[in-house]
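Undergrad: A single structure is presented below for examination.
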Amino acid sequence: MGESAGGGLSLLTIQNLISRQYAIPRCVVLVSPWTDLSSSGESYIRNRPTDVLIRPEILSWTIEQVLGDNHEQIKRDDPVYSPMFGSFERFPPMYITVGTAEVLEDDSRHVFYKAKQAGVDVTLEEGLHLAHAYPLFYSFYPEARNTLENIKKWIKEKTIH
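Mapping to full-length UniProt numbering: the sequence shown position 50 is 50, numbers consecutive.
Written as C-alpha coordinates, this is what we have:
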(Lines of atoms letter the chains of each structure in order from A and count residues from 1; the text may use other names and numbers.)
(Lines give C-alpha, C1' and ligand atoms only; values in the text may rest on other atoms or scores of the structure.)
Protein backbone atom coordinates (compact mmCIF):
# COMPACT_ATOMS: atom_id res chain seq x y z
CA MET A 1 0.00 0.00 0.00
CA GLY A 2 1.24 3.45 -0.83
CA GLU A 3 -0.12 6.97 -0.42
CA SER A 4 0.89 9.95 -2.59
CA ALA A 5 4.66 9.67 -3.26
CA GLY A 6 4.48 6.29 -1.51
CA GLY A 7 1.99 5.19 -4.17
CA GLY A 8 4.47 6.12 -6.88
CA LEU A 9 7.22 4.28 -5.02
CA SER A 10 4.99 1.21 -4.71
CA LEU A 11 4.49 1.19 -8.48
CA LEU A 12 8.19 1.76 -9.18
CA THR A 13 9.08 -1.10 -6.84
CA ILE A 14 6.67 -3.51 -8.54
CA GLN A 15 7.86 -2.46 -12.01
CA ASN A 16 11.43 -3.06 -10.87
CA LEU A 17 10.60 -6.47 -9.37
CA ILE A 18 8.85 -7.53 -12.59
CA SER A 19 11.77 -6.38 -14.77
CA ARG A 20 14.11 -8.54 -12.66
CA GLN A 21 11.67 -11.47 -12.68
CA TYR A 22 11.38 -11.45 -8.87
CA ALA A 23 8.27 -12.32 -6.89
CA ILE A 24 5.72 -9.52 -6.66
CA PRO A 25 3.04 -8.68 -4.08
CA ARG A 26 -0.34 -10.37 -4.39
CA CYS A 27 -2.02 -6.98 -4.77
CA VAL A 28 -1.38 -3.26 -4.35
CA VAL A 29 -3.51 -0.44 -2.92
CA LEU A 30 -2.75 3.12 -4.00
CA VAL A 31 -4.20 6.17 -2.27
CA SER A 32 -3.83 9.31 -4.39
CA PRO A 33 -0.59 8.07 -5.98
CA TRP A 34 1.89 10.59 -7.37
CA THR A 35 3.01 8.87 -10.56
CA ASP A 36 3.99 11.65 -12.96
CA LEU A 37 6.89 13.94 -12.04
CA SER A 38 6.35 15.81 -15.33
CA SER A 39 2.92 16.98 -14.10
CA SER A 40 1.44 16.37 -17.55
CA GLY A 41 -2.16 15.71 -16.49
CA GLU A 42 -4.78 18.42 -16.96
CA SER A 43 -5.78 18.02 -13.31
CA TYR A 44 -2.54 19.76 -12.31
CA ILE A 45 -4.16 22.93 -13.68
CA ARG A 46 -7.88 22.14 -13.45
CA ASN A 47 -7.80 21.18 -9.76
CA ARG A 48 -5.26 23.72 -8.58
CA PRO A 49 -7.97 25.95 -7.05
CA THR A 50 -9.64 23.02 -5.24
CA ASP A 51 -6.63 21.08 -3.96
CA VAL A 52 -6.16 22.24 -0.39
CA LEU A 53 -3.17 20.00 0.35
CA ILE A 54 -0.84 19.96 -2.65
CA ARG A 55 0.48 23.24 -4.02
CA PRO A 56 2.43 23.33 -7.31
CA GLU A 57 5.38 25.10 -5.71
CA ILE A 58 5.64 22.29 -3.15
CA LEU A 59 5.59 19.70 -5.93
CA SER A 60 8.39 21.55 -7.75
CA TRP A 61 10.49 21.73 -4.60
CA THR A 62 9.84 18.06 -3.82
CA ILE A 63 10.87 17.01 -7.33
CA GLU A 64 14.13 18.93 -6.96
CA GLN A 65 14.79 17.15 -3.65
CA VAL A 66 13.97 13.72 -5.09
CA LEU A 67 16.01 14.11 -8.28
CA GLY A 68 18.89 15.97 -6.63
CA ASP A 69 21.39 18.33 -8.21
CA ASN A 70 20.78 16.92 -11.69
CA HIS A 71 17.03 17.62 -11.61
CA GLU A 72 17.23 19.98 -14.60
CA GLN A 73 18.93 17.37 -16.82
CA ILE A 74 16.61 14.49 -15.91
CA LYS A 75 13.55 13.86 -18.07
CA ARG A 76 10.64 13.91 -15.66
CA ASP A 77 8.58 11.58 -17.85
CA ASP A 78 11.28 8.90 -17.64
CA PRO A 79 9.61 5.74 -16.27
CA VAL A 80 12.57 5.31 -13.91
CA TYR A 81 11.17 8.30 -11.97
CA SER A 82 7.54 8.49 -13.12
CA PRO A 83 5.89 5.06 -12.99
CA MET A 84 2.88 6.23 -14.99
CA PHE A 85 5.11 6.07 -18.10
CA GLY A 86 6.32 2.55 -17.33
CA SER A 87 4.86 -0.86 -18.11
CA PHE A 88 2.00 -2.46 -16.22
CA GLU A 89 2.37 -5.86 -17.86
CA ARG A 90 2.18 -8.75 -15.33
CA PHE A 91 1.08 -6.42 -12.52
CA PRO A 92 -0.84 -7.78 -9.55
CA PRO A 93 -4.43 -6.67 -8.89
CA MET A 94 -4.53 -2.97 -8.12
CA TYR A 95 -6.96 -0.76 -6.17
CA ILE A 96 -6.64 2.99 -6.72
CA THR A 97 -8.52 5.70 -4.87
CA VAL A 98 -8.29 9.42 -5.63
CA GLY A 99 -10.25 12.59 -4.89
CA THR A 100 -11.63 14.50 -7.85
CA ALA A 101 -10.58 17.82 -6.27
CA GLU A 102 -6.86 17.04 -6.20
CA VAL A 103 -4.10 17.87 -8.66
CA LEU A 104 -3.02 14.21 -8.77
CA GLU A 105 -6.42 13.06 -10.06
CA ASP A 106 -5.20 12.44 -13.62
CA ASP A 107 -2.17 10.48 -12.37
CA SER A 108 -4.59 7.91 -10.96
CA ARG A 109 -6.79 7.89 -14.04
CA HIS A 110 -3.85 7.41 -16.40
CA VAL A 111 -2.45 4.56 -14.31
CA PHE A 112 -5.91 2.98 -14.21
CA TYR A 113 -6.30 3.13 -18.01
CA LYS A 114 -2.76 1.91 -18.70
CA ALA A 115 -3.15 -0.96 -16.25
CA LYS A 116 -6.55 -1.86 -17.74
CA GLN A 117 -5.01 -1.90 -21.25
CA ALA A 118 -2.28 -4.21 -19.94
CA GLY A 119 -4.92 -6.65 -18.69
CA VAL A 120 -4.49 -5.86 -15.00
CA ASP A 121 -7.37 -6.48 -12.59
CA VAL A 122 -7.67 -2.83 -11.54
CA THR A 123 -10.29 -0.87 -9.61
CA LEU A 124 -10.54 2.92 -9.49
CA GLU A 125 -12.61 4.58 -6.77
CA GLU A 126 -13.01 8.33 -7.11
CA GLY A 127 -14.11 10.49 -4.19
CA LEU A 128 -16.32 13.15 -5.74
CA HIS A 129 -15.10 16.65 -4.81
CA LEU A 130 -12.77 15.18 -2.18
CA ALA A 131 -9.22 16.15 -1.29
CA HIS A 132 -5.86 14.46 -1.69
CA ALA A 133 -5.61 11.20 0.27
CA TYR A 134 -9.17 11.65 1.51
CA PRO A 135 -9.46 8.10 2.96
CA LEU A 136 -6.91 9.10 5.59
CA PHE A 137 -9.27 11.84 6.78
CA TYR A 138 -12.10 9.52 7.75
CA SER A 139 -12.96 11.72 10.75
CA PHE A 140 -13.92 14.54 8.38
CA TYR A 141 -15.34 12.75 5.33
CA PRO A 142 -18.11 10.15 5.73
CA GLU A 143 -17.22 8.92 2.22
CA ALA A 144 -13.74 8.07 3.46
CA ARG A 145 -15.13 5.42 5.80
CA ASN A 146 -16.90 3.79 2.86
CA THR A 147 -13.71 3.84 0.83
CA LEU A 148 -11.74 2.26 3.68
CA GLU A 149 -14.39 -0.47 3.96
CA ASN A 150 -14.19 -1.02 0.19
CA ILE A 151 -10.40 -1.32 0.40
CA LYS A 152 -10.67 -3.76 3.31
CA LYS A 153 -13.15 -5.98 1.42
CA TRP A 154 -11.03 -5.82 -1.73
CA ILE A 155 -7.84 -6.83 0.09
CA LYS A 156 -9.63 -9.78 1.70
CA GLU A 157 -11.01 -10.83 -1.68
CA LYS A 158 -7.58 -10.68 -3.32
CA THR A 159 -5.53 -12.28 -0.55
CA ILE A 160 -7.69 -14.78 1.34
CA HIS A 161 -8.46 -17.94 -0.58
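The C-beta atom is built at its ideal place from N, Cα and C for all residues, glycine as well.
Can you name the residues that DSSP bridges to Glu30?
TA: The residue given as residue 30 occupies position 30 in the sequence shown. In the sequence on display, residue 30 carries Leu and not Glu. DSSP output for Leu30 lists Gly2 and Ile96 as bridge partner(s).
Undergrad: Using 8 Å as the Cβ pair cut-off and three pairs as the minimum, do the region 106-122 and the region 140-149 touch?
TA: Counting Cβ pairs under 8 Å, fewer than three are found: no touch.
Undergrad: So with Cβ pairs under 7 Å, would you call Leu128 a contact of chain C?
TA: Of the protein chains in the structure, only one exists, and it is not chain C.
Undergrad: Report the rounded CA-to-CA distance for Glu125 versus Ile96, giving the unit in angstroms.
TA: Translated into the one-based positions of the sequence shown, residue 125 becomes position 125. Translated into the one-based positions of the sequence shown, residue 96 becomes position 96. Using only the alpha carbons, I get a separation of about 6 Å.
Undergrad: Closest to Phe85 by C-alpha separation, out of Gly41, Thr147 and Ile24, would be which residue?
TA: On the sequence shown, residue 85 is found 85 positions in, with the first residue counted as 1. Ranking the options by Cα distance to Phe85, first place goes to Gly41.
Undergrad: Tell me which same chain residues have a C-beta within less than 6 Å of the C-beta of Pro25, skipping the five on either side of it?
TA: Position 25 of the sequence shown holds residue 25. Cβ neighbours of Pro25 beyond the five flanking positions: Pro92.
Undergrad: Can you tell me whether Gly127 is helix, strand or coil according to DSSP?
TA: The residue given as residue 127 occupies position 127 in the sequence shown. Looking at Gly127 - three-state DSSP - the assignment turns out to be strand.
Undergrad: Have a look at Ser4 and Glu57 and give me their C-alpha separation to the nearest angstrom.
TA: Along the sequence shown, one-based indexing puts residue 4 at 4. Along the sequence shown, one-based indexing puts residue 57 at 57. Taking the straight line from one Cα to the other gives about 16 Å.
Undergrad: For the alpha helix (DSSP H) that Phe112 lies in, which residues bound it at each end?
TA: By one-based count along the sequence shown, residue 112 stands at place 112. Glu105 to Gln117 is the span of the alpha helix (DSSP H), which, as asked, contains Phe112.
Undergrad: Cα separation between His161 and Ile155?
TA: Here residue 161 refers to the residue found at position 161 of the sequence shown. Here residue 155 refers to the residue found at position 155 of the sequence shown. Rounded to whole angstroms, His161 to Ile155 spans 11 Å at the Cα level.
Undergrad: Where are the beta strand (DSSP E) runs, 3 residues long or more, that stay fully inside the region 16-78, in chain order?
TA: DSSP runs (the beta strand (DSSP E)) wholly in the region 16-78: 28-31.
Undergrad: Measuring alpha carbon to alpha carbon, tell me which residue in Leu148, Phe137, Trp34 and Val80 is nearest Ser60.
TA: Residue mapping note: residue 60 aligns to position 60 of the sequence shown, counting from 1. Closest by alpha carbon: Trp34.
Undergrad: Taking the C-alpha atoms as reference points, what is the distance between Gln82 and Met94?
TA: By one-based count along the sequence shown, residue 82 stands at place 82. By one-based count along the sequence shown, residue 94 stands at place 94. As written in the sequence, residue 82 is Ser, which differs from the Gln given in the question. Taking the straight line from one Cα to the other gives about 17 Å.
Undergrad: Please list the terminal residues of the continuous alpha helix (DSSP H) segment that includes Glu157.
TA: Within the sequence shown, residue 157 is the residue found at index 157, counting from 1. Per DSSP, Glu157 belongs to the alpha helix (DSSP H) from Pro142 to Thr159.
Undergrad: Going by the beta-carbon positions, is the gap between Thr159 and Ala101 smaller than 7 Å?
TA: Start at 1 with the first residue of the sequence shown, and residue 159 comes out as number 159. Start at 1 with the first residue of the sequence shown, and residue 101 comes out as number 101. The answer is no: Cβ separation not under 7 Å.
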